[in-house]
Amino acid sequence: MDRYAVIGNPIAHSKSPWIHAAFARQTGQALAYEALLGPLDGFTATVHAFRAAGGRGMNVTVPFKLEAYALADRHTPRAEAAGAVNTLVFERSGILGDNTDGAGLVRDLSANLGCTLAGRRILLLGAGGATRGVLLPLLGSRPAALTIANRTVGKARTLAERFTVHAAGTGLDACGFAELAGRRFDLVINATAASLAGELPPLPPGLYAEGALAYDMMYGHGDTRFMQAARADGAAHVADGLGMLVEQAAESFALWRGIRPDSAPVLAALRRQLD
Ligand code: ATR
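Per UniProt numbering, the sequence shown starts with residue 1, numbered consecutively.
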């Protein structure tokens, strides 16, 4: 049977094995998908051992996405732009590195949440790996404007400069949180790690335009703190990142197996598990 795995550290709570098992059942694909704890100093060795044992591909999660980029022999354009890899495909000629996070986010926004991106004003909070991973697919959706805001302004500016070449008709700019005062957005995406520390990015009030969506890449039981704060600040709609998790998995599955699973029932079942 074809073998796949997700590698991370920690990994015990990963939902990827459950998601991919559901996709495999649904599409009638015979495959095994396991969770591998990668030693912090032994990522590459673990990947090579899994490949040598017959593995066909892997998902890569925290903290190994940069090492996975370095390990891959070639990259898809979206992985190249992100500088990070969350999906490895073991080919006869070498290892292909892809990044399905951004496509997963865009698909969750457009297909699951009915959020049109073209022509809209998007605010992306954070300038770390999570932001880099989603910038190319977001710009590809042709928003009118995309603002990257970060605590450390220089990092946001560097990212904006780097992605200008991909911005086409989108007004791409960068700033600190305080400079957002007086501006309005149709979509605000939290890609900071603030919630991991139980914190919120210090945002000025009044960011949400009429009908706006606040999207947190994090998820948990019930609304995240970012979602609660956004609602209080007037966001008409709020969503967490569970849909992005399922959609990036569907994108990886499609890359490996050449067949796209129906993510909706899997997302609904996962949501029921969390509630
Ligand atoms: P990730 O891969 O999850 O993006 P990262 O590369 O370490 O992780 O980036 C974390 C992001 O969350 C950064 O944008 C960071 O801001 P700085 O660049 O200023 O460090 C942001 N972040 C982390 N804690 C935060 C907090 N308490 N408030 C606001 N932003 C925070």
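Beta carbons are placed, not taken as given, at the ideal position from N, Cα and C, and that holds for glycine. Please read all numbers here as calculations on a predicted model, not as lab measurements.
With DSSP collapsed to three states, give me the class of residue i.
i: N59; result: strand
i: G206; result: coil
i: T170; result: coil
i: G222; result: coil
i: N9; result: coil
i: E247; result: helix
i: I259; result: coil
i: A144; result: coil
i: L117; result: coil
Name the DSSP beta bridge partners of residue i, please?
i: Y33; result: Y4
i: Y215; result: I189 and A239
i: C175; result: A149
i: G97; result: H75 and L88
Over the uninterrupted beta strand (DSSP E) stretch that includes residue i, give me the two end residues.
i: F64; result: From DSSP, F64 is part of no beta strand (DSSP E); its letter is neither H nor E.
i: I122; result: R121 to L125
Work out the CA separation of residue j and residue i for me, nearest whole Å.
i: D233; j: I189; result: 14 Å
i: T147; j: A68; result: 28 Å
i: V9; j: E34; result: The residue you asked about is not Val; residue 9 is Asn in the sequence shown. Straight-line Cα distance between these residues: approximately 14 Å.
i: A168; j: R142; result: 8 Å
Would you decide whether residue i is buried or exposed? Buried here means 16 or more other CB atoms lie within 10 Å of its CB.
i: H13; result: exposed
i: L196; result: exposed
i: Q273; result: exposed
i: L267; result: buried
i: L40; result: exposed
i: T93; result: Residue identity differs from the one stated: residue 93 is Ser in this sequence, not Thr. That one is exposed.
How far does the alpha helix (DSSP H) with residue i in it reach, from first residue to last?
i: E91; result: Looking at the DSSP string, E91 is not in any alpha helix (DSSP H); the run it does join, the beta strand (DSSP E), is T87 to E91.
i: D101; result: D101 to R107
i: A53; result: Here A53 belongs to no alpha helix (DSSP H), and DSSP marks it neither H nor E.
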